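Count along the sequence shown from 1, add 48, and you get the number used in this note's numbering. First the structure, in the form of structure tokens, and then the observations on it.
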Amino acid sequence: MSELELNPAAARYQAASETARSLARTLQAAPAQESRRAAALRKYLVHVALALADACDRWQTGTDVNVFAAERWVASIGYLSTELTHSLPITPPGVAVVLQALAARWSPNTLLLIGPKNAVTGSSYIGAGYLESFQDNVQEIGWAIPPISDLPRRLLVLRYPYGEQDNVLQSCLMIGIFGDHTDPEFSRGMHLFGAFTLGPAYFFALAASLERSFLSQDKKASQLRYTARILEVAGWFDNAIIGPLLKTRIEQVGLALPLGEETILDMGEVVGYTPADFDRDAPRLWERLKQLLPPNELEMEAVESAQPADAVSILNAGWSFHLLHMDSLYAILGSRTPEDKYEALQVLNRLLTKGVELSEITRRWNAARQEA
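In structure tokens:
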């Protein structure tokens, strides 16, 4: 009998080695366009896969190492490789424009991969903290991995419903994933971060999503109660514009003020979105939307400004415009049929996307000029 037949563990190490080398070859076939961080992660995984293959070659000769550990490493590298393979191009449309812009603010040193749900990657939120743990384990083992610039520390994989790549309004719900969630209930941590940083836009996106979900009425009410309580503590129910919209929504699910749940708003250095921010920015951004202009500037006649509209204000202006002023947009576009009104909503989403995109370009351009 051969040595591999006499030593089943050695055969498994050999299989792990061959798979790791195959993954390395696959990863080396990079796409034509890829972000700097995605390319850095790809390069890093090639080094890790080859280091693992060499280690498996040594282990199969008799080193007393758990074969299951080698197979878990292969699975982890395969998982990360699959996510890279199914990521979108460097400049994806719609929701990705918004999420990429805010990821730079709330989750620095993160690689954000965005795409539609499908059979391979069906989950909406994947991988928060996974890459960080992976890198720590590689360092602990002591594999010689060369320094790689732009290597992300965290990986976030977000999946939106197929066909919803331009639904910027609903993408507000996905922003909760950017937080460092300390709440033992993951969903509550998401709601806390989302409602604190995005204000009512997060709540309205959550409410719209729950309307289409198959959760029980009690579970829907529980999520809305907790999220609304965060806004209640922050003073949003007292806002002249947003308050009535919030009260109407919570009454629809059988809730009443005060919500009476103990909630502490403490997100460390993360800055929350306040009613004062909304009152300062949103009505001015509505005027641009009514003229079919991207809401990237606070002044109607502005061409370039030192202070573009904040992305969070743009999203809140979009949701409040959708709830209060869509008739104005219907009138401008001549929308009468349900199909016309659906297209008007897409126009609003495209304006919001362009607003966030232009705002980010101006912000980065201003920062670069100050550094020059």
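We put the CB at the ideal spot given by N, CA and C, even for glycine. The model shown is predicted, which means the values in this text are computed figures rather than measured ones.
* Asked: Taking Val-319 as the reference, which of Tyr-208, Gly-227, Pro-56 and Leu-179 has the closest Cα?
  -> Gly-227
* Report yes if the C-beta distance between Val-216 and Leu-71 is below 8 Å; otherwise report no. => no
* To do: Using alpha carbons as the reference points, say which of Ala-58, Val-122, Gly-224 and Pro-331 lies closest to Phe-241.
  => Gly-224
* If we count Cβ pairs, one from each stretch, closer than 8 Å, do we get three or more for the segment 242 to 249 versus the segment 201 to 216? -> no
* To do: Tell me, to the nearest whole angstrom, how far the beta carbon of Ala-151 is from that of Leu-160; I am working on the premise that it is less than 8 Å.
  => 5 Å
* In or out: Pro-195 buried (at least 16 other Cβ within 10 Å) or exposed? -> exposed
* Asked: How about Ser-197 and Ile-289: are their beta carbons less than 8 Å apart?
  -> no
* State yes or no: is the C-beta of Asp-329 within less than 8 Å of the C-beta of Ser-361? => yes
* Mind checking whether Val-96 and Val-186 have CB atoms under 8 Å apart? -> yes
* To do: Please look up how many angstroms separate the CB atoms of Ala-276 and Phe-251, rounded, as I've assumed it's under 8 Å.
  => 6 Å
* **Alpha-carbon to alpha-carbon, Ala-359 and Glu-335** => 16 Å
* Asked: Among Ala-64, Thr-133 and His-134, which residue has its Cα nearest to the Cα of Val-451?
  -> Any property of residue 451 remains undetermined from this structure, which presents the chain solely from 49 to 420.
* Can you tell me whether DSSP reads Phe-262 as helix, strand or coil? -> coil
* Got a sec, what are the start and stop residues for the alpha helix (DSSP H) Gln-418 sits in? -> 386 to 419
* **When Phe-182, Thr-158 and Gly-403 are compared against Gly-126, the one with the closest alpha-carbon** => Phe-182
* Member of Ser-129, Ile-380 and Tyr-321 whose CA lies at the smallest distance from the CA of Leu-363 -> Tyr-321
* Spatial neighbours of Arg-84 within its chain, please: CB distance less than 8 Å, with the 5 preceding and 5 following residues excluded, ordered by chain position. => Asp-198
* Residue-chain proximity (His-134, chain B), Cβ-Cβ < 8 Å -> Among the protein chains of the structure shown there is no chain B, as only one such chain exists.
* Asked: Quick one: Cα of Ser-157 to Cα of Tyr-178, how far?
  -> It should be pointed out that residue 157 corresponds to Asn in this sequence rather than to Ser. Cα to Cα, Asn-157 sits roughly 14 Å from Tyr-178.
* In the segment 328 to 373, which residue ranges form an unbroken beta strand (DSSP E) of at least 3 residues, counting only runs that do not cross its ends? -> none
* Asked: Going along the chain, which residues of its own chain have a beta-carbon closer than 7 Å to the beta-carbon of Ala-243, five neighbours each way excluded?
  -> Tyr-250, Phe-251, Thr-275, Ile-278 and Leu-279
* Per-residue DSSP class, three states only, for Asn-185 -> helix
* Check whether Asp-214 and Asn-397 have beta carbons under 8 Å apart -> yes
* **Rounded straight-line distance, which links the Cα of Gly-163 to that of Val-404** => 19 Å
* **Minimum C-alpha distance to Gln-271 - residue among Ile-298, Asp-286 and Phe-285** => Ile-298
* To do: Answer yes or no: do Leu-333 and Ala-357 have a C-beta to C-beta separation smaller than 8 Å?
  => yes
* **Within 8 Å, strictly: CB atoms of Pro-323 and Gly-283** => yes
* Is the beta carbon of Ala-269 less than 8 Å from the beta carbon of Gly-302? -> yes
* **Candidates Pro-79, Arg-153 and Ala-118, of which the one nearest Arg-412 by Cα** => Arg-153
* Distance between Leu-406 and Val-122 (C-alpha atoms, nearest Å) -> 42 Å
* To do: In angstroms with no decimal places, state the Cα-to-Cα distance between Ser-171 and Leu-206.
  => Note that Ser-171 scores 45 on pLDDT, short of 50, meaning its location in the model is unreliable and no value can be drawn from it.
* Looking only at C-alpha atoms, which of Ser-219, Tyr-208 and Thr-410 sits nearest to Val-146? -> Ser-219
* Asked: So what's Ser-65 in DSSP terms, helix, strand or just coil?
  -> helix
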